[in-house]
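Asker: Convert by adding 17 to the 1-based position in the sequence shown; the result is the number in my numbering.
For each residue, glycine too, the CB sits at the ideal point set by N, CA and C.
Every value quoted in this text rests on a predicted model; they were computed, and no experiment measured them.
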Amino acid sequence: MAKEKVFAVFGLGTFGYEVCTVLSSKGAKVIAVDNQNKLVERIKDDVTQAILMDSTDEELMMSLPLEDIDIAVIAIGDNIEASIITAALLKKLGIPYIIARAISDIHGQVMKQVGANEIINIEIEQGRRIANKLIAPFILDHIPLSANQSLAEIRIPKDFVGKSLHQLDIRKKYNINVLSIKRTKTSIDDHGNPVKEETALSPKPNDILKENDIIVVIGTDKDIDKLKK
Numbered sequence: 018m019a020k021e022k023v024f025a026v027f028g029l030g031t032f033g034y035e036v037c038t039v040l041s042s043k044g045a046k047v048i049a050v051d052n053q054n055k056l057v058e059r060i061k062d063d064v065t066q067a068i069l070m071d072s073t074d075e076e077l078m079m080s081l082p083l084e085d086i087d088i089a090v091i092a093i094g095d096n097i098e099a100s101i102i103t104a105a106l107l108k109k110l111g112i113p114y115i116i117a118r119a120i121s122d123i124h125g126q127v128m129k130q131v132g133a134n135e136i137i138n139i140e141i142e143q144g145r146r147i148a149n150k151l152i153a154p155f156i157l158d159h160i161p162l163s164a165n166q167s168l169a170e171i172r173i174p175k176d177f178v179g180k181s182l183h184q185l186d187i188r189k190k191y192n193i194n195v196l197s198i199k200r201t202k203t204s205i206d207d208h209g210n211p212v213k214e215e216t217a218l219s220p221k222p223n224d225i226l227k228e229n230d231i232i233v234v235i236g237t238d239k240d241i242d243k244l245k246k
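#1: If you run the structure through DSSP and keep just helix, strand and coil, what is residue 130?
#2: Just the Cα atoms here: how many angstroms apart are residue 84 and residue 24?
#3: Do residue 91 and residue 27 come within 8 Å of each other at the CB atom, strictly closer than that value?
#4: Which whole-angstrom value is the C-beta distance of residue 197 and residue 220, which I expect to be below 8 Å?
#5: Looking at the structure shown, is residue 25 part of a helix, part of a strand, or coil, going by DSSP?
#6: Ends of the beta strand (DSSP E) at residue 86?
#7: I'd like to check one pair, residue 70 with residue 96: are the Cβ atoms closer than 8 Å?
#8: Excluding five sequence neighbours on each side, which residues of the same chain lie with their C-beta closer than 6 Å to the C-beta of residue 243?
#9: Could you say which of 235, 32, 58, 63 lies nearest to residue 160 if we only look at CA atoms?
#10: Whose C-beta lies closer than 7 Å to the C-beta of residue 41 among residues of the same chain, with five residues either side of it excluded?
#11: For residue 45, which of helix, strand or coil comes out of DSSP?
#12: Mark residue 178 as exposed unless 16 or more other C-beta atoms lie within 10 angstroms of its C-beta, in which case mark it buried.
#13: Would you mind reading off the limits of the alpha helix (DSSP H) that contains residue 104?
#14: Could you tell me the boundaries of the beta strand (DSSP E) in which residue 69 lies?
#15: Just to confirm, is the Cβ distance from residue 88 to residue 22 under 8 Å?
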């Protein structure tokens, strides 16, 4: 039986709090750490263990059950110095995988240099997603997967309506793969109110696309953008 992963989250602001609550809701073991008592108190009932501690203090950090931690998330906000010191200490103390929030490219580079395995730059990523949405409003969401691959939710063009995936031959014409079809059905409840129900369909060649369908695709940004044209 595989060992259950244990996560440690350092910094319990908005981002860190959300990471903790989502991980806990999925059944994960979570150790939450912050140097502000009110933030520790807010999260203590939702995680495995909540600790009031300064993560830049090496002696205090050594008191943590480090041997149990598989993944550490550094969610410290604008205190760049604290986030860098925390990353360096976690690396020094042998945490196998460290994910760190950064607020700039330079901050991210330094975090990598001191030991973070993965960098999350919320501001830059959100800015890119907003810019992509403004440039291509038909793309409802856009998530980079690698340097040359993205996952995107696309509202189908009008000329796709009433045609099957086989007829459109999207993979051949656009070099992208359709992973799912999201379809919204509106019904009326017992009180006469409209109720929307969204379903996700596994795509089949003979599936006919309907108005307002959304397709989830994977491909390069350049190929995904071809749909707009």
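Answerer: The answer reads as follows:
#1: Looking at residue 130 - three-state DSSP - the assignment turns out to be helix.
#2: Roughly 11 Å separates the two Cα atoms.
#3: Yes.
#4: Their Cβ separation, rounded to whole angstroms, is 7 Å, which keeps residue 197 and residue 220 in contact under 8 Å.
#5: Residue state, collapsed to three classes: strand.
#6: Run containing residue 86: none; DSSP gives neither H nor E here.
#7: It is not a contact, given that the beta carbons lie outside the stated cut-off.
#8: So the list reads 191, once near-sequence residues are dropped.
#9: In this structure, 235 is the residue among 235, 32, 58, 63 with its C-alpha nearest to the C-alpha of residue 160.
#10: Listed in chain order, the non-local C-beta contacts of residue 41 below 7 Å within the same chain comprise 47, 63, 64, local neighbours out to five positions each way being set aside.
#11: It is coil, neither helix nor strand.
#12: Its Cβ having fewer than 16 others within 10 Å, residue 178 is exposed.
#13: Residue 104 -> alpha helix (DSSP H) spans 97–109.
#14: Counting along the chain, the beta strand (DSSP E) containing residue 69 begins and ends at 66–69.
#15: Result yes, Cβ atoms of residue 88 and residue 22 sit closer than 8 Å.
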